[in-house]
Amino acid sequence: MTTRTDSPAGLGRRGALTLGAATLLGALPARGHAAAPLKVGAIFSTPIEEPWDHQIHVALVQAQKVHGIAYQWSEHVAAADFGRVMREYAEKGCALVVGDAFAAETIARRVARSYPKVAFAFGSGQGPVNPNFSVFDNWIHEPAYLSGMIAGKMTKSGVVGSVAAMDIPEVARLVNAFNLGARDARPDVKCKVTFIGSFFDPPKAKEAAVAQIEAGVDVIFAERFGVIEAAKERNILAISNMSDQSALAPDTVITGPVWDMWPTIDAVVKMVKAGVFTAQDLGSFSFMAKGGAKLAPFHAWEQKLPADVRKLVAQKQAEIIDGTFRVPVIETTPKSE
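Numbering (the numbering used here), first residue to last: 3 to 339.
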């Protein structure tokens, strides 16, 4: 486990070295001095490079600049250590603790109950718990559907693929949305699906991608890291996930669903500062209509993507945002064809 601190000025992802508790938290300001910044801790079960947790981290770094929070984070926290790290942040005086609790759902709620004056907001597959445990998730099935439409239009073999983490509802709904978009764009398309059984195993993801490519896939949804590398080496097209990953392979990556955690973090920080934070499901902040989900920029593909494909996607995106089209939430196991 690694714990790090970013200064309020907003250092890079690998910013300042870990500070001691006294340095991090400081003493309470003397009367008449400016109020101390809101102290926020984040607990990530994976390395910060993993896209899901990275998007939360990016939003918290932005909160440093916009809201002046004092931000410290711990990465690669094992489930067995999760409760201990939560308690450490609460005892250090963090008013808000954020992170992902998928591997520690029960213990996260139990610890939160012990600190009713601390606000907790965690990525979770379960519901919120009064008075102080809120939940969120990456509801990016809408841009995943749009990405699938692009894949359906761009495949020459008629076979698209997805390499994803594991068969859980949160992942299945993205793959299902991608496949649905591909089929709506090309009804005869075949969709292959592979789960690697891990949130972060780039070599295994690459291996699964190579197997799909050898089976005829020529456009692949890189739900996990490692897939884009295989796509680049085998000269096929890729759809990224969670963040804009065009820089990894500009000629390979067309676009992909992006999870923007800023609307969620912005709302939570404001609620905590105003003293009105309550346990709630924050999932709607991750929908396209609220700016929490979008397609990554096309970059060079702005010119290379056929005009009819860009028009089709733009029209469907407008329908999603104005509410005239709803992408189904399907969380059952996607079938591989």
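Ideal Cβ positions, reconstructed from N, Cα and C, are used throughout, including at glycine. Please read these numbers as outputs of a predicted model, since none were measured by experiment.
For Ala291, the secondary structure class from DSSP, reduced to helix, strand or coil, is helix. In this structure, the CA atom of Gly101 is about 10 Å from the CA atom of Phe138.
Under the rule that a run must span 4 or more residues, the alpha helix (DSSP H) segments found entirely inside the stretch 51-107 read 53-69, 81-93. With a cutoff of 8 Å on beta-carbon distance, Leu148 and Gly183 are scored as near each other.
Looking from the CA of Ala179, the closest CA among Thr196, Glu144, Ala213, Lys206 belongs to Glu144. In the three-state reduction of the DSSP assignment, Asp268 falls in the helix class, which pools H, G and I.
Each residue's CA atom was taken as its position, placing Pro133 and Lys337 some 40 Å apart. According to the DSSP assignment, Pro204 belongs to the alpha helix (DSSP H) that extends over 204-216. Taking Pro265 as the centre and dropping the five residues before and after it, the same chain places the C-beta of Phe287, Ser288, Lys292, Gly293, Gly294 closer than 8 Å to its C-beta, in chain order.
DSSP lists Val221 as the bridge partner or partners of Leu239. Here DSSP, grouped into helix, strand and coil, assigns Ala298 to coil. Here Thr326 is exposed: its Cβ has fewer than 16 other Cβ atoms, across all protein chains shown, within 10 Å. Judged by their CB atoms, Ser164 and Phe223 are nearer to each other than the 8 Å cut-off. A direct Cα-Cα distance of roughly 11 Å separates His69 from Lys41. For Ala166, no alpha helix (DSSP H) run applies; the uninterrupted beta strand (DSSP E) run containing it begins and ends at 161-166, by DSSP.
Counting only residues of its own chain and dropping the five nearest sequence neighbours on each side, Arg89 has a CB closer than 7 Å to the CB of Val113.
Under DSSP, Thr257 takes part in a beta bridge, and its partners are Ile241.
Inter-residue distance for Thr334 and Tyr117 is about 36 Å (C-alpha atoms, whole angstroms).
At a Cβ-Cβ threshold of 8 Å, Lys194 and Glu339 count as neighbours. Beta-bridge partners assigned by DSSP to Thr196: Val165. Remark: fewer than three beta-carbon pairs, one from each stretch, lie closer than 8 Å, so the stretch 316-331 and the stretch 263-278 are not flagged as touching. About 4 Å separates the Cβ atoms of Met263 and Ala61, confirming a contact at the 8 Å cut-off. In the three-state scheme derived from DSSP, where H, G and I count as helix and E and B as strand, Phe180 is classed as helix. If you look at Ala123, you'll find it isn't in any alpha helix (DSSP H); it sits in the beta strand (DSSP E) that goes 121-125. The DSSP-derived three-state label of Ile45 is strand.
Between the stretch 316-326 and the stretch 160-174, the count of Cβ pairs shorter than 8 Å is below three; the stretches do not touch. Rounded to the nearest angstrom, the gap between the Cα atoms of Ala217 and Lys192 is 11 Å. Leu297 is a Cβ neighbour of Val260, given a cutoff of 8 Å. Within the same chain, Gly154, Lys155, Thr157, Gly160 come within 8 Å of Arg188 by CB-CB distance, once the 5 residues on both sides are set aside.
Rounded to the nearest whole angstrom, the CA to CA distance from Ala232 to Ala207 is 9 Å. Across the structure, Met290 and Ile142 are spaced so that their CA atoms are roughly 8 Å apart. Under DSSP, the beta-bridge partners assigned to Asp283 are Val137.
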